[in-house]
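Asker: Numbering (the numbering used here), first residue to last: 65 to 190.
Starting off with a structure, shown below.
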Ligand code: HEM
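What follows is the structure, given as structure tokens:
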């Protein structure tokens, strides 16, 4: 019986544990979950992954940054860093942005020509 409850306890601890990556450092935020002013859920969403972008987007205070140092448990191996820098979404964004590049430039260019022509016509009438 004792063995069984031990196992259950370990299971519980494992699901409660939360590690994430910020600026190539590994953080164990298990004990910080309930204290996080931004809530537990946002941290859980980042569990096991690189949360750097979201952490920076929030614009955490200097105090928050100082506080974060207490939870560093290690550093990401340099060999694994490129994997973080190239998430699959980047590819989608690149494809998306290259197709919208044309619309972003062509539409304003046509509008500019149209405005210039209308202006010339207007001036000629005077
Ligand atoms: C070691 C990691 C972290 C620490 C120590 C930390 C600490 C804090 C602190 C102290 C605040 C209060 C506001 C401030 O002082 O800036 C805060 C707010 C917040 N944090 Fe974190 N945080 C961490 C990671 C994250 C991550 C990974 C996210 C992911 C999105 C996040 C999302 C938020 C949000 C949404 C707020 C609320 C902002 C608001 O209400 O204006 N935090 N955090």
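Ideal Cβ positions, reconstructed from N, Cα and C, are used throughout, including at glycine.
A quick note: this is a predicted structure, and the numbers were derived from the prediction, not measured.
Tell me the rounded alpha-carbon separation between residue 86 and residue 134.
Answerer: Position 22 of the chain shown, counted from the first residue, corresponds to residue 86. Position 70 of the chain shown, counted from the first residue, corresponds to residue 134. Those two C-alpha atoms are separated by around 13 Å.
Asker: Using a Cβ-Cβ cut-off of 8 Å (strictly less than) and excluding sequence neighbours within five positions of residue 81, which residues of its own chain qualify?
Answerer: Translated into positions along the chain shown, residue 81 becomes position 17. 92 and 94, listed in sequence order.
Asker: Have a look at 186, 187, 89 and 70 and flag the residue whose alpha-carbon is nearest the alpha-carbon of residue 137.
Answerer: Taking the first residue of the chain shown as position 1, residue 137 is located at position 73. The shortest Cα separation from residue 137 among 186, 187, 89 and 70 belongs to 89.
Asker: Is residue 181 helix, strand or coil by DSSP?
Answerer: Start at 1 with the first residue of the chain shown, and residue 181 comes out as number 117. Looking at residue 181 - three-state DSSP - the assignment turns out to be helix.
Asker: Which first and last residues belong to the alpha helix (DSSP H) in which residue 81 is found?
Answerer: For the purposes of this step, residue 81 is taken as the residue at position 17 of the chain shown. Segment: none, residue 81 is in no alpha helix (DSSP H) and carries neither H nor E.
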